[in-house]
Each structure stands twice: as C-alpha cells, then as structure tokens.
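Asks: Before I ask anything, here is the structure I am working with.
There are 2 protein chains.
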Amino acid sequence: MRVLYHFPVHAGCRRVRLALAEKGVACELQTEQVWQRREGFLRMNPAGEVPVLVEQDGAIVPGSGVITEYLEEAYPDPTLLPGGPLDRAEARRLATWFAWKFHREVTENLADEKIFTRFMRTRQPDSMVIRAGHANVHYHLDYIAWLYERRNWLAGPDLSIADLTAAAELSCLDYLGDVPWDEHPGAKDWYARIKSRPSMRALISDTLPGLPPQAGYADLDF
Amino acid sequence: MRVLYHFPVHAGCRRVRLALAEKGVACELQTEQVWQRREGFLRMNPAGEVPVLVEQDGAIVPGSGVITEYLEEAYPDPTLLPGGPLDRAEARRLATWFAWKFHREVTENLADEKIFTRFMRTRQPDSMVIRAGHANVHYHLDYIAWLYERRNWLAGPDLSIADLTAAAELSCLDYLGDVPWDEHPGAKDWYARIKSRPSMRALISDTLPGLPPQAGYADLDF
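Sequences listed follow chains A and B, in order.
Here the working numbering is used: the first residue of the first sequence is 1, the next is one more, and so on.
Here the working numbering is used: the first residue of the second sequence is 223, the next is one more, and so on.
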C-alpha cells in the first residue's frame with residue numbers, strides 16, 4: 001500500500017492529503033515525529049521533513065511541492081493544474097504565495113509556534129511571534145476575498161492547487177481557532193465552499209493529543 | 223521583446239537566467255530594486271519580489287520556481303526536467319533543496335546579508351549571521367560531491383534544474399569569494415563543469431556598483 005509519512009496538523013502534509021483525496025489516490029497515513037530524526041526516515045528524506053510519499057513499488061517522493069507536481073504527472077485526472085501554461089503558472093504562483101509567504105508570515109507564527117514548541121518540548125510559545133501572526137493574517141484574508149470576488153476559484157474558473165494550498169494552511173489555523181472569519185466574510189465564503197468538499201473530511205477528524213480543536217473546527221456551518 | 227525583471231547577484235533570478243539561456247530563449251534584463259516598492263512592479267507581482275518574466279504579449283509570470291516550471295511547459299526543448307515522473311521529482315527535490323534549504327542556511331546568511339543590507343542601507347551586515355553561513359556551507363558542498371560521485375549530473379544522467387539551481391546559489395557566494403572550493407574538490411569538479419557552459423557567461427559578467435567580484439570569479443580555471 002502507498003504510504004504518506006506526515007504529521008496531523010501540518011500545512012504541507014495537508015496540502016498533499018487534499019491533492020491525494022481530490023485525485024482519488026488511496027494512501028495510508030503514518031505519523032512521523034521529525035524532531036526525533038529517525039535514521040530510516042532521514043534515509044528517505046535527507047532534508048528530514050514531512051511529508052514523504054512512498055509508492056507501492058517503494059519509490060520515494062519527498063516534500064509537499066515536489067509531491068503535488070509528481071501526483072499531477074503520475075495521476076493527471078482530475079487535474080489540479082488546469083488550463084494552459086499561463087493558467088498553470090497562476091495556480092503555481094498562488095500555491096507558492098500560500099505555501100511560502102502566508103506560511104512564513106502567518107502559519108509559522110501561529111500554528112507552528114503553538115503546536116511544534118509543544119510537541120518538541122523545546123520552549124514556551126513566544127507571545128510576540130503569535131502577535132505577529134495575528135497581525136499578518138488580515139491582508140492575506142483580504143487577498144483571498146479579492147481573488148474570490150473576481151474568479152470562481154482562487155486561480156481561475158476551476159479548483160486548483162492554489163485552493164488546496166490555501167485551505168491546507170488555513171485549516172491548521174482554524175484548528176486552533178486563529179482565523180478571524182467574521183471580519184472577512186468573502187474569505188469565509190470561499191473557505192465554507194472548500195470545507196464542504198469530501199477531500200476535507202479526513203483533515204477535519206485530525207486531533208492532536210492534549211490539544212483538541214476549537215469548537216467550530218468540524219462544522220460546515222461555522 | 224521578452225523582459226526579465228531581476229537583480230544582478232540574486233540567486234532566484236540567476237536560476238531563471240540560466241534556464242532561459244539553456245533553452246535558448248532570448249530575454250532582455252531590467253534591474254528592479256525591489257526595496258523601492260515601485261507601484262508598477264507591485265502590480266506585476268504583489269509579492270514584491272524578483273524575478274518576474276514578462277512575455278512578448280504582456281503575459282506576466284512571477285517567481286523563480288513558477289517561471290522555471292512555466293519555461294519547461296512553454297519551451298520544452300531542451301528539457302530541464304528530463305525522464306519520467308520520478309526522475310523529474312528527484313530533480314525538483316534537489317532544486318527545492320538548493321532554492322530553499324541551502325538558500326536559507328547559506329545564501330541568505332552570506333550573499334543576501336552582505337549585498338542587500340548594503341543596497342537597502344538598512345543596517346550593517348551581522349557578523350554572527352555571516353559566521354552561520356560559513357559554518358553551514360560545508361555539509362552542502364559534501365552533499366554535492368556525494369551526488370556527483372554517483373551520477374553524471376546532480377539529479378541523474380542529464381543536466382537538470384537541480385544543477386542550475388545549485389549553480390545559481392553557489393555563483394552568488396562565489397562572487398563574494400565565500401565558497402571554500404579547495405576543501406571540497408568533488409563539488410569544485412562539478413562547479414568547474416557547469417561554469418564552463420555558455421549559459422553561465424552572462425552571470426560571470428555581472429557586477430554590483432561598489433562591490434566588485436573576487437579575483438577568481440570569472441576564471442574557468444579557479
């Protein structure tokens with residue numbers, strides 16, 4: 001069986017889980033605590049990071065961006081990079097925006113700061129970092145609303161890796177109750193639509209030991 | 223004419239310049255000082271970063287990773303992602319390694335710290351940051367030597383985006399004389415081979431005002 005080494009409320013892993021589910025590619029999940037630097041895992045991915053996909057024949061594909069491009073080539077139907085080269089570039093631009101810019105400005109400061117300091121037991125979460133994450137999230141939600149007002153999905157007429165990447169990042173914050181949905185109704189409309197897709201179901205049943213999700217996390221009507 | 227908005231000794235821009243040159247796609251260069259946050263530039267790329275490619279028909283493609291994928295689709299011959307989906311995943315894995323991991327651990331600490339603090343006039347370069355860059359570069363050079371001992375190019379039998387991305391990062395450090403080549407003969411062999419390609423010529427004639435390259439920068443026999 002195909003295996004994805006992952007960690008439950010981890011944005012890059014969630015992006016891949018959404019892509020697998022949208023494409024109907026079955027996959028077993030194996031939780032990897034990367035901070036233990038397990039030797040067998042480092043041999044699979046010298047970068048020491050989740051996610052890592054191991055195919056049924058043992059082929060190894062590491063990294064969320066690399067895996068999503070691989071899935072698109074190996075399992076092209078349905079596509080998550082619809083259209084021609086420029087449409088695909090726009091979907092990749094927004095996926096990069098959320099996976100790198102949003103991640104660095106928001107997700108790292110909120111979800112990673114609260115979750116990984118806890119599990120790695122290195123130190124207490126830093127309240128200045130958390131405050132920066134809360135300050136930065138607004139303009140990104142405005143950007144989602146702006147895009148969604150003009151297009152059917154974030155990158156164009158069809159669902160793409162841009163939507164899945166944004167949903168993966170936001171779902172980690174939403175687990176913690178850190179998305180000010182009520183101040184951003186346009187972004188909330190887009191998220192409600194993607195949250196109702198079957199691919200989101202598995203994410204919504206994730207739980208972290210000792211750190212349960214906020215009350216509205218699993219509700220489609222939030 | 224096609225235009226690439228770039229900055230001279232900038233790794234992401236160099237990766238795209240190498241890909242354009244390897245594919246024989248002619249392109250005019252326009253230097254953009256991103257820290258000025260020019261309005262016309264922000265309209266092209268809301269992320270406010272170089273590189274940005276503008277095609278002859280006005281189509282805009284921003285970001286080094288997005289542009290290299292776009293070039294591969296729009297100008298597939300010669301390919302920089304040779305082989306099947308798994309070979310392409312390996313080339314993308316290593317491109318990501320150099321563009322993100324090497325960049326964050328080494329290039330940001332050395333080239334960006336020395337060059338961009340100077341041009342942005344924000345502060346003096348931080349000697350602790352520079353020291354971290356010098357400490358981190360060794361294991362990456364060992365990794366290049368390890369790969370190159372086992373393969374014809376970094377990702378496999380053929381030149382790929384992995385080689386161009388590694389060369390783009392290292393060429394910025396090499397401009398400053400910050401690569402300890404003599405301690406890493408295996409990595410030096412690989413770099414000497416890629417440095418002799420015609421695509422590297424334009425990079426080698428880059429200069430930054432007030433910050434000339436180190437003496438051996440342009441020499442093929444370094």
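Positions of the beta carbon are idealized from the N, C-alpha and C atoms, including for glycine.
These figures come from a predicted structure and were not determined experimentally.
1) Comparing C-alpha positions only, which one of 196/A, 96/A and 93/A sits nearest to residue 218/A?
2) Any chance the region 61-69 of chain A sits against the region 5-25 of chain A, with 3 or more Cβ pairs inside 8 Å?
3) At a CB distance below 7 Å, what residues from the region 287-315 of chain B approach chain A? Give them in sequence order.
4) Of the residues that make up the region 94-128 of chain A, which ones have a beta carbon closer than 7 Å to any beta carbon in chain B?
5) Kindly say whether residue 59/A, judged by its beta-carbon, lies nearer than 8 Å to any beta-carbon of chain B.
6) Hey, residue 225/B and residue 250/B: beta-carbon distance below 8 Å or not?
7) Can you tell me which of the three DSSP states residue 346/B falls into?
8) With a Cβ-Cβ cutoff of 8 Å, do residue 350/B and residue 257/B count as a contact?
9) Please report the residue range of the alpha helix (DSSP H) in which residue 203/A lies.
10) What alpha helix (DSSP H) runs, 4 residues minimum, are completely inside the region 237-308 of chain B?
11) Measure the C-alpha to C-alpha separation of residue 410/B and residue 321/B and round it to an integer number of angstroms.
12) Kindly indicate the opening and closing residues of the beta strand (DSSP E) around residue 5/A.
13) Rounded to whole angstroms, what's the CA-CA distance from residue 103/A to residue 95/A? Just pull it up for me.
14) Determine whether the beta carbon atoms of residue 21/A and residue 205/A lie at a separation below 8 Å.
15) Counting only the same chain and skipping the five closest in sequence on each side, list residues whose C-beta sits under 7 Å from that of residue 447/B.
16) Within the same chain, show all residues whose beta-carbon is closer than 6 Å to that of residue 327/B, passing over the 5 residues directly before and after it, in chain order.
17) Can you find at least 3 beta carbon pairs, one from the region 376-389 of chain B and one from the region 295-310 of chain B, that sit closer than 8 Å?
18) What number of angstroms, rounded off, separates the C-alpha of residue 431/B from the C-alpha of residue 424/B?
19) Should residue 284/B be flagged as near chain A, meaning a C-beta pair shorter than 8 Å?
20) Looking at residue 370/B and residue 363/B, is the spacing between their C-beta atoms short of 8 Å?
21) What does residue 269/B reach in chain A if we use C-beta pairs closer than 7 Å?
22) Between the Cα of residue 88/A and those of 390/B, 290/B, 319/B and 311/B, spot the shortest distance and give me the residue it belongs to.
23) Between the beta-carbon of residue 275/B and the beta-carbon of residue 245/B, is there less than 8 Å?
24) According to DSSP, is residue 110/A part of a helix, a strand, or is it coil?
Replies: Based on what the coordinates show:
1) On the first sequence, residue 218/A is found 218 positions in, with the first residue counted as 1. Answer by Cα proximity: 196/A.
2) yes
3) 287, 288, 291, 292, 295, 296, 307, 308, 310, 311, 314 and 315
4) For the region 94-128 of chain A, the beta-carbon criterion of a distance under 7 Å to any beta-carbon of chain B is satisfied by 96, 97 and 101.
5) Walking along the first sequence from the start, residue 59/A turns up at place 59. For residue 59/A, the answer is yes, since a Cβ of chain B falls inside 8 Å of its Cβ.
6) Here residue 225/B corresponds to residue number 3 of the second sequence, with the count starting at 1. Here residue 250/B corresponds to residue number 28 of the second sequence, with the count starting at 1. Yes; because the gap between Cβ atoms is below 8 Å, this pair is in contact.
7) Numbered from 1 along the second sequence, position 124 holds the residue referred to as residue 346/B. Looking at residue 346/B - three-state DSSP - the assignment turns out to be coil, as it is neither helix nor strand.
8) Sequence index remark: in the second sequence, residue 350/B carries index 128 (1-based). Sequence index remark: in the second sequence, residue 257/B carries index 35 (1-based). Result no, Cβ atoms of residue 350/B and residue 257/B do not sit closer than 8 Å.
9) The residue you call residue 203/A lines up with position 203 of the first sequence. Residue 203/A -> alpha helix (DSSP H) spans 201-204.
10) As far as the region 237-308 of chain B is concerned, its whole alpha helix (DSSP H) runs of at least 4 residues are 261-266 and 286-296.
11) Within the second sequence, the letter at position 188 stands for residue 410/B. Within the second sequence, the letter at position 99 stands for residue 321/B. About 19 Å.
12) As a position in the first sequence, residue 5/A is number 5, starting the count at 1. Per DSSP, residue 5/A belongs to the beta strand (DSSP E) from 3-6.
13) Taking the first residue of the first sequence as 1, we reach residue 103/A at position 103. Taking the first residue of the first sequence as 1, we reach residue 95/A at position 95. For residue 103/A and residue 95/A, the distance between alpha carbons rounds to 11 Å.
14) Counted from its first residue, the first sequence places residue 21/A at position 21. Counted from its first residue, the first sequence places residue 205/A at position 205. Contact flag unset, no.
15) It is not possible to answer for residue 447/B, since the shown part of chain B is limited to 223 through 444.
16) Reading the second sequence from its first residue, position 105 is the one you call residue 327/B. Here the set comprises 358.
17) yes
18) The residue given as residue 431/B occupies position 209 in the second sequence. The residue given as residue 424/B occupies position 202 in the second sequence. Cα to Cα, residue 431/B sits roughly 17 Å from residue 424/B.
19) Here residue 284/B refers to the residue found at position 62 when the second sequence is read from its first residue. Taking Cβ atoms only, chain A reaches closer than 8 Å to residue 284/B, which makes this a yes.
20) For this step, residue 363/B is matched to residue 141 along the second sequence. For this step, residue 370/B is matched to residue 148 along the second sequence. No, the pair does not count as a contact, with Cβ atoms beyond the cut-off.
21) Taking the second sequence and counting its residues from 1, one reaches residue 269/B at position 47. Correct list: 97 and 101.
22) As a first step, residue 88/A is located in the first sequence; it is residue number 88 there, counting from the start. Looking at the Cα atoms, 290/B is the closest of the given residues.
23) Walking along the second sequence from the start, residue 275/B turns up at place 53. Walking along the second sequence from the start, residue 245/B turns up at place 23. Result no, Cβ atoms of residue 275/B and residue 245/B do not sit closer than 8 Å.
24) Counting from one through the first sequence, the residue named residue 110/A turns up at place 110. Helix at residue 110/A.
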